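Scroll down for the structure; my scribbles are underneath it.
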Amino acid sequence: MYRIIYIEGENFLNRFIILVILFVLSIVLIVIRPNLIRILFGWDGLGLISYCLVIFYQNYIAYNSGLITVLCNRVGDIGLLISIRLIFIYGRWNLYILEFNKKLILLIILLAAITKRAQIPFSVWLPLAIAAPTPVSALVHSSTLVTAGVYLIIRYNKFIIRRGVDKFLFYISVFTIFISGFIANLENDLKKIIALSTLSQLGLIIIILSLGLKFLAFYHLLTHAIFKSLLFICAGIIIHLINNNQDIRFCGKLNEFIPFTILRFYVSRLALLGFPFLAGFYSKDLIIEIIYLININLFILIIILLSLSFTVSYSFRLFYYIYFGEINRRFLNFKENKLINLSMLFLLMLSLIRGSFLNWIFFFDRNITYLRINLKIITIIILILGLIFGIIIYIKNLINLYFYRFFFRSMWFINYIYIYIYKPYLIIGEQGYEIDKNWIEFFRKNLFLGIIKEVKVRINLIKIFIFLFVILFILLIIFIIY
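Going by my numbering, the first residue of the sequence shown is number -13, and it counts up by one from there.
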């Protein structure tokens, strides 16, 4: 319903609809398949179609974002292929083969999962995936692409805990929520702030998965999907209102122009914060209580609590800019539509009641552990400190300190590390493409007698190597068959 109004004037509307349908079918394929080989069909489909959707607007930023997205996801695809091959060596597909100290297979499956799940060091692609149309962003960040990694970890969660790989997962997720929360405080792009909040919530889900509580992680995943999709839908309306500008510094006093949308934006943001009795409160508060109960060192606990306070600080900053900031009235070119309001009304109702409703369904109140008041009060203190931190960032205008912005907004230079990692492979790929074109022409024009003459003319070691490799590969296939 939201899509009908949002991209009604798009030139390639049919292409968009087909891609979104294929995107949803890919996640369905992942969920209903019983083993890794058949999961791979949906897994590859998600990576490819997400690339097509990210580059949908066909501009410079979209092409760069799409390339990083597909390359990061390909790492996960390769991880799945390697794990399939390793399991295939043992001659059976029973999941219980992982019981027998197959830690390497589990680590490779985890590598595949954290690429789709955008955990450190593969977090770069998720904030860049906002180059896709807003309905796609709402789908990607709430319930499709990022949930593929969670599904994989949930499926193998028992083996991960038994083999001791969970500690590796725990520390990665803690580092992810800290970095994403800190960077969101220094960001001006509206959709990127929401994307970084997704990254923070994903880290929280992975933390609870690393503790073996997969039902609680799934519970938070379901509640998070509702208010996060509502957030992106509201962000899309705001972006259309100010002439496709995503800078929050131009989003002030929007409650005068789109009051219903801003009201829903505030409600979904409060649900993200875990405001009492909204959807996010029931799952998030339960996760924090369990973190208090587990046996972790003080430093990691402080990092987790600081990350929670960062959520409050960047949310307050966003609230302030939208309510009290400035706006250039020349940008205004959009009005609220009844169909859009109706589509958001469903998500708003679910953002209010879904947390408590699912809590009753999952029966999390069977074995409740009541914490002492001095532990419960820690969360409130941390949230107040986050609010103070957000006020300091706004008043002192810390975002304009160039070095800090350059360091933190590049995700602690992880973006630049990828440039150096991927550049040689891109050069090799480009050369391989040229070689492929030459060999096709080579075989087409000179199939038998011209081969020797062509090799003499084109004395190229790479081409000779590839030719020998192809011959050996064909001989190997013939040997295996016969």
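Every residue gets a Cβ at the ideal spot worked out from N, C-alpha and C, and that includes glycine. As the structure is a computational prediction, the values presented were derived from the model and not from experiment.
Could you name the residues that DSSP lists as bridge partners for Asp175? Sequence index remark: in the sequence shown, residue 175 carries index 189 (1-based). DSSP output for Asp175 lists Asp233 as bridge partner(s).
If Thr120 and Gly222 are in contact, beta carbons under 8 Å, what's the gap, nearest whole angstrom? Here residue 120 corresponds to residue number 134 of the sequence shown, with the count starting at 1. Here residue 222 corresponds to residue number 236 of the sequence shown, with the count starting at 1. With 8 Å as the limit, Thr120 and Gly222 qualify as a contact, their Cβ atoms being about 3 Å apart.
Quick check on the DSSP output: what are the complete alpha helix (DSSP H) runs of length 4 or more inside the stretch 21 to 97, in order along the chain? Taken in chain order, the complete alpha helix (DSSP H) segments of 4 residues or longer contained in the stretch 21 to 97 are 22 to 40, 46 to 75.
Quick check on this structure: which residue in Leu202, Phe236, Trp111 has the alpha carbon closest to the alpha carbon of Leu182? In the sequence shown, residue 182 corresponds to position 196, counting from 1. It is Trp111.
If you scan the stretch 211 to 296 from start to end, which runs of the beta strand (DSSP E) of 3 or more residues do you find wholly inside it? Here no run is fully enclosed.
Beta-carbon separation (whole angstroms), Ala203 vs Ile191, contact threshold 8 Å: In the sequence shown, the residue the question calls residue 203 occupies position 217. In the sequence shown, the residue the question calls residue 191 occupies position 205. Correct: roughly 5 Å between the Cβ atoms.
Starting from the Cα of Phe168, find the closest Cα among Gln417, Ile289, Leu26, Met330 and give me that residue. Indexing the sequence shown from 1 puts residue 168 at position 182. Nearest option by C-alpha distance: Ile289.
Per-residue DSSP class, three states only, for Tyr142: Taking the first residue of the sequence shown as 1, we reach residue 142 at position 156. Residue state, collapsed to three classes: coil.
Compare the C-alpha of Glu312 against each of Ile273, Ile234, Ala265, Ile378 and name the closest. As a working note, residue 312 is residue 326 in the sequence shown. Of the candidates Ile273, Ile234, Ala265, Ile378, Ile234 places its Cα closest to the Cα of Glu312.
If I measure Cβ to Cβ from Tyr252 and keep anything under 8 Å in the same chain, skipping five residues before and after, which residues do I get? Mapped onto the sequence shown, residue 252 falls at position 266. Only residues of its own chain outside the window of five on either side were considered, and among them Phe305 have a CB closer than 8 Å to the CB of Tyr252, listed in chain order.
Do you know how far the Cα of Phe310 is from the Cα of Gly62? Mapped onto the sequence shown, residue 62 falls at position 76. Mapped onto the sequence shown, residue 310 falls at position 324. Each residue's alpha carbon lies about 43 Å from the other.
Start-to-end residues for the alpha helix (DSSP H) that takes in Thr120: Numbered from its first residue, the sequence shown carries residue 120 at position 134. Taken as a continuous stretch (DSSP letters only), the alpha helix (DSSP H) holding Thr120 covers 120 to 128.
What's the C-alpha gap between Tyr268 and Tyr76? Start at 1 with the first residue of the sequence shown, and residue 268 comes out as number 282. Start at 1 with the first residue of the sequence shown, and residue 76 comes out as number 90. Answer to the nearest angstrom: the Cα atoms are 43 Å apart.
Considering only residues of the same chain and omitting the five flanking positions on each side of Asp152, which have a CB-CB separation below 6 Å? For the purposes of this step, residue 152 is taken as the residue at position 166 of the sequence shown. These residues qualify, in order along the chain: Ile146, Ser196.
Sorted by chain position, which residues of the same chain lie with C-beta nearer than 6 Å to Gly376's C-beta, five sequence neighbours on each side aside? Reading the sequence shown from its first residue, position 390 is the one you call residue 376. Ser299, Phe302, Arg303, listed in sequence order.
Exposed or buried, Gln105, counting other C-beta atoms within 10 Å across all chains shown (16 or more means buried)? In the sequence shown, the residue the question calls residue 105 occupies position 119. Buried, because 16 or more other Cβ atoms sit within 10 Å of the Cβ of Gln105.
Cβ neighbours of Ile41 in the same chain (closer than 7 Å, five flanking residues each side left out): Within the sequence shown, the letter at position 55 stands for residue 41. Hits under 7 Å: Ala48, Tyr49, Gly52.
Compute the distance between the beta-carbons of Ile193 and Ile163, then report whether it is under 9 Å. As a first step, residue 193 is located in the sequence shown; it is residue number 207 there, counting from the start. As a first step, residue 163 is located in the sequence shown; it is residue number 177 there, counting from the start. Contact: yes.
Which of helix, strand or coil DSSP assigns to Phe108: Walking along the sequence shown from the start, residue 108 turns up at place 122. Correct three-state label for Phe108: coil.
Cβ atoms of Leu249 and Thr133: under 9 Å apart, would you say? Translated into the one-based positions of the sequence shown, residue 133 becomes position 147. Translated into the one-based positions of the sequence shown, residue 249 becomes position 263. It is not a contact, given that the beta carbons lie outside the stated cut-off.
Where Ile194 sits in the DSSP three-state scheme: Residue mapping note: residue 194 aligns to position 208 of the sequence shown, counting from 1. Correct three-state label for Ile194: helix.
Are Leu357 and Leu279 touching if we call contact CB-CB under 9 Å? Translated into positions along the sequence shown, residue 357 becomes position 371. Translated into positions along the sequence shown, residue 279 becomes position 293. Leu279 is positioned such that its CB atom lies closer than 9 Å to that of Leu357.
So, under 8 Å CB-CB, Leu114 and Ile54 are touching, yes? Tell me the CB distance rounded to an integer number of Å. Position 128 of the sequence shown, counted from the start, is the residue given in the question as residue 114. Position 68 of the sequence shown, counted from the start, is the residue given in the question as residue 54. Approximately 6 Å separates the beta-carbon atoms of Leu114 and Ile54; this is inside 8 Å, confirming the contact.
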